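Q:
Number of protein chains: 2
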Amino acid sequence: MDLKRYLETTKSLIDKALDAYLPPGDKEPKSLHRAMRYSVFPGGKRIRPIIVLASAEACGALKGALPAACAVEFVHTYSLVHDDLPAMDDDDYRREKPSCHRKFGEANAILAGDGLLTLAFNIIASDMPPSIAASAAKELSGAIGTFGMVGGQAADIESQDKKKSPKELERINRLKTARLFEASSKLGAITAKSDGRKTKALSDYGERLGMAFQAVDDILDGDGSVKLFGDARARLYARDLIEKAKAALKPFGARAEKLEAIADHVLEQLTT
Amino acid sequence: MDLKRYLETTKSLIDKALDAYLPPGDKEPKSLHRAMRYSVFPGGKRIRPIIVLASAEACGALKGALPAACAVEFVHTYSLVHDDLPAMDDDDYRREKPSCHRKFGEANAILAGDGLLTLAFNIIASDMPPSIAASAAKELSGAIGTFGMVGGQAADIESQDKKKSPKELERINRLKTARLFEASSKLGAITAKSDGRKTKALSDYGERLGMAFQAVDDILDGDGSVKLFGDARARLYARDLIEKAKAALKPFGARAEKLEAIADHVLEQLTT
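Protein chains in written order, with the numbering used here: chain C, 2 to 273; chain Z, 2 to 273.
1) For a cutoff of 8 angstroms on Cβ pairs, would you count residue 266/C as touching chain Z?
2) Since residue 262/C meets chain Z, which of its residues come closer than 9 angstroms, beta carbon to beta carbon?
3) Going along the chain, which residues of the segment 26-48 of chain C sit with their C-beta nearer than 7 angstroms to a C-beta in chain Z?
4) For residue 195/Z and chain C, any beta-carbon pair shorter than 8 angstroms?
5) The alpha helix (DSSP H) with residue 277/C in it runs from where to where?
6) Anything in chain Z within Cβ reach of residue 145/C, meaning under 8 angstroms, just list it in chain order.
7) When you compare the CB of residue 154/C with every CB in chain Z, is at least one pair closer than 8 angstroms?
8) For residue 257/Z, which option in 57/Z, 5/Z, 43/Z has the closest C-alpha, if you only look at C-alpha atoms?
9) Can you list, in chain order, the residues of its chain with a C-beta nearer than 8 angstroms to that of residue 74/C? Leave out the 5 residues immediately preceding and following it.
10) By alpha-carbon positions, which one of 217/Z, 90/Z, 13/Z, 223/Z ends up nearest to residue 241/Z?
11) In the segment 76-148 of chain C, which residue ranges form an unbroken alpha helix (DSSP H) of at least 4 residues, counting only runs that do not cross its ends?
12) Rounded C-beta distance between residue 188/C and residue 137/C? I'm assuming under 8 angstroms.
13) Determine the extent of the alpha helix (DSSP H) in which residue 36/Z is found, giving its start and end residues.
14) Is it buried or exposed for residue 281/Z, if we count other Cβ within 10 angstroms and need 16 for buried?
15) Assuming contact is defined by CB atoms lying nearer than 8 angstroms, are residue 55/Z and residue 192/Z in contact in what I supplied?
16) With burial defined as no fewer than 16 other Cβ atoms inside 10 Å of the residue's Cβ, what is the status of residue 176/C: buried or exposed?
17) With a threshold of 7 angstroms on Cβ separation, who are the neighbours of residue 124/C within its own chain once the five nearest residues in sequence on each side are excluded?
18) Less than 7 angstroms between C-beta atoms, sequence neighbours within five positions excluded: which residues of the same chain meet that for residue 100/C?
19) What residues in its chain sit with their C-beta under 6 angstroms from that of residue 180/Z, if we drop five residues either side in the sequence?
20) Check whether chain C comes within 8 angstroms of residue 135/Z, counting only Cβ atoms and requiring the distance to be less than that.
21) So, helix, strand or coil for residue 226/C, using DSSP?
22) Out of 186/Z, 195/Z, 163/Z, point me to the one whose CA is closest to residue 203/Z's CA.
23) Apply the 10 Å Cβ neighbour rule to residue 147/C and answer buried if 16 or more other Cβ atoms are within range, or exposed otherwise.
24) If we ignore side chains and look at the alpha-carbon of each, how far apart do residue 98/C and residue 246/C end up?
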């Protein structure tokens, strides 16, 4: 399988769908809609929505997974916009351009985040079959709320000036990063109306991949677990998580080749 | 009907349910959960969730409407917390106590708002029958997003230093206030699985009541439409809206007595 080509094609498919879901920038209130579009495009690698699609495909039902994929990406973008705010991580730049609040002001950035978060649920409610929309919205809201990303960001801020224990750091990474990865793969399973065993397998895959993704990010930045354990142990940890993520894919056989390749790809960033 | 008693009993029922939905304040991350609880309690009159319940009752099915009622109140609270932020309306006080960000800091206030908004969708997805959860989430997200409250707040901020035209002011009031009232009465209809005619009637009721509610608020504060038209015309406008809201209730006959009394109650605040 040509992973590079798959990632490119799929990103472009997702980008088109994201564009169609966002209100046009010349529609009132313009600054709000422009702030939302500015935060979503050009965007990153779209790894989370790609995981939604590849997971649905592993369950044998790619069709109909695009709304859930877009919802996940809008949620991810909302979290970046709010996390960058001066009262939070105070980041002036995001993906090599001024962060949303630097460009559109803080009020528009707060509202753009709120708008993106709300849009995610609107998409699930409007464009997923009603028979699975509730279960998708439950999974996604669980990954966002106070026992997901929002709780992780709050815990991170609470412990900002303290030295974090390895356990605390792992808990924060699980909430802030891995939980949305887990929701992404589970949303693929939900879209495909998979059985419990496959859903659990994809949940394990997503969670482990998300932890590995964060570990790789830390290694590239010399941050987080690298500060606690050093570079060598952090690399071993990431490698182990990727192996465990791939091991979870066993029930899918060859159908999981894309998910496997994505897992390898996350690790490869350490060598390129 | 003893409206005062009805409002008191129903508020206490709603408060109990809100309390049960909120994570306890001694559960990590504590400051986040405390900030959410601080913003929800003691709270106001809970008029929006009461409208959800009274609308469901008018459709002959009060049972099962409490989750939707709580979701609406959490959405309302989230909007107050974010609107009070320094970058938005910069309000230091809310309901005679320090606003959320004054008490818990800006980061926690942003996250508490995000958490409350997410909790609203989690409740709909978890505690409403799956057959109606999607339609409820669609209605609620439509009332919140960029063509609802979020859009209204953005338009309000965009026009902050300009003199608003009557048309612009009406549009902002519709988005910022009336849209969530409309969603509240419609959620009652959705819970009760009402037919299209009754749902439309309740939608009209909620929208007109919401516009009247805002007009009354403006009259009491000497703000908004009062500045544009003067006190006397603003009172006529509010009275006319209340009459029109009550007129929409015709299909329900005596079953709408609570909704009628609530409409009268909104207007009575001008005379007490």
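For each residue, glycine too, the CB sits at the ideal point set by N, CA and C. Computed from a prediction, not measured in an experiment: that's the story for all the values here.
A: Here's the rundown:
1) Residue mapping note: residue 266/C aligns to position 265 of the first sequence, counting from 1. Chain Z places no beta carbon closer than 8 angstroms to that of residue 266/C, leaving this residue out of the contacts.
2) Here residue 262/C corresponds to residue number 261 of the first sequence, with the count starting at 1. Residue 262/C does not reach chain Z, its nearest Cβ partner there being about 32 angstroms away, counting only Cβ pairs nearer than 9 angstroms.
3) Shown in chain order are the members of the segment 26-48 of chain C whose Cβ falls below 7 angstroms from a Cβ of chain Z: 29, 30, 32, 33, 34.
4) The residue you call residue 195/Z lines up with position 194 of the second sequence. Answer no: the Cβ-Cβ gap between residue 195/Z and chain C never drops below 8 angstroms.
5) This structure does not reach residue 277/C, given that chain C is present from 2 up to 273, and the question cannot be answered.
6) The sequence position of residue 145/C within the first sequence is 144, counting from 1. Near residue 145/C (Cβ distances below 8 angstroms), the residues of chain Z are 115, 119.
7) Here the question's residue 154/C lines up with position 153 in the first sequence. A Cβ of chain Z is located within less than 8 angstroms of the beta carbon of residue 154/C.
8) Residue mapping note: residue 257/Z aligns to position 256 of the second sequence, counting from 1. If you compare the alpha carbons of 57/Z, 5/Z, 43/Z with that of residue 257/Z, the shortest gap goes to 57/Z.
9) For this step, residue 74/C is matched to residue 73 along the first sequence. Excluding sequence neighbours, residue 74/C sits near 15, 19, 41, 44, 47, 49, 50.
10) Against the second sequence, residue 241/Z aligns to sequence position 240. Minimum Cα distance to residue 241/Z is reached at 217/Z.
11) Whole alpha helix (DSSP H) segments, 4+ residues: 101-105, 107-128, 131-145.
12) In the first sequence, the residue the question calls residue 188/C occupies position 187. In the first sequence, the residue the question calls residue 137/C occupies position 136. Right, the Cβ-Cβ distance comes to about 6 angstroms (below 8 angstroms), so this counts as a contact.
13) The residue labelled residue 36/Z in the question sits at position 35 within the second sequence. Unbroken alpha helix (DSSP H) run through residue 36/Z: 31-41.
14) As displayed, chain Z neither begins before 2 nor continues past 273, which places residue 281/Z out of reach and without an answer.
15) Here residue 55/Z refers to the residue found at position 54 of the second sequence. Here residue 192/Z refers to the residue found at position 191 of the second sequence. No, they are not a contact pair.
16) Taking the first residue of the first sequence as 1, we reach residue 176/C at position 175. Here residue 176/C is buried: its Cβ has 16 or more other Cβ atoms, across all protein chains shown, within 10 Å.
17) As a position in the first sequence, residue 124/C is number 123, starting the count at 1. Within the same chain, residue 124/C has close Cβ partners 22, 68, 71, 72.
18) Numbered from its first residue, the first sequence carries residue 100/C at position 99. Cβ neighbours of residue 100/C beyond the five flanking positions: 85, 92, 93, 94.
19) Mapped onto the second sequence, residue 180/Z falls at position 179. Excluding residues within five positions, the ones whose Cβ falls inside 6 angstroms are 144, 149.
20) The sequence position of residue 135/Z within the second sequence is 134, counting from 1. True, the Cβ-Cβ gap to chain C drops below 8 angstroms.
21) Numbered from 1 along the first sequence, position 225 holds the residue referred to as residue 226/C. Three-state result, residue 226/C: helix.
22) Stepping through the second sequence from its first residue, residue 203/Z is reached at position 202. The candidate whose alpha carbon is nearest that of residue 203/Z is 186/Z.
23) On the first sequence, residue 147/C is found 146 positions in, with the first residue counted as 1. When all chains shown are included, residue 147/C counts as buried.
24) Counting from one through the first sequence, the residue named residue 98/C turns up at place 97. Counting from one through the first sequence, the residue named residue 246/C turns up at place 245. Answer to the nearest angstrom: the Cα atoms are 33 angstroms apart.
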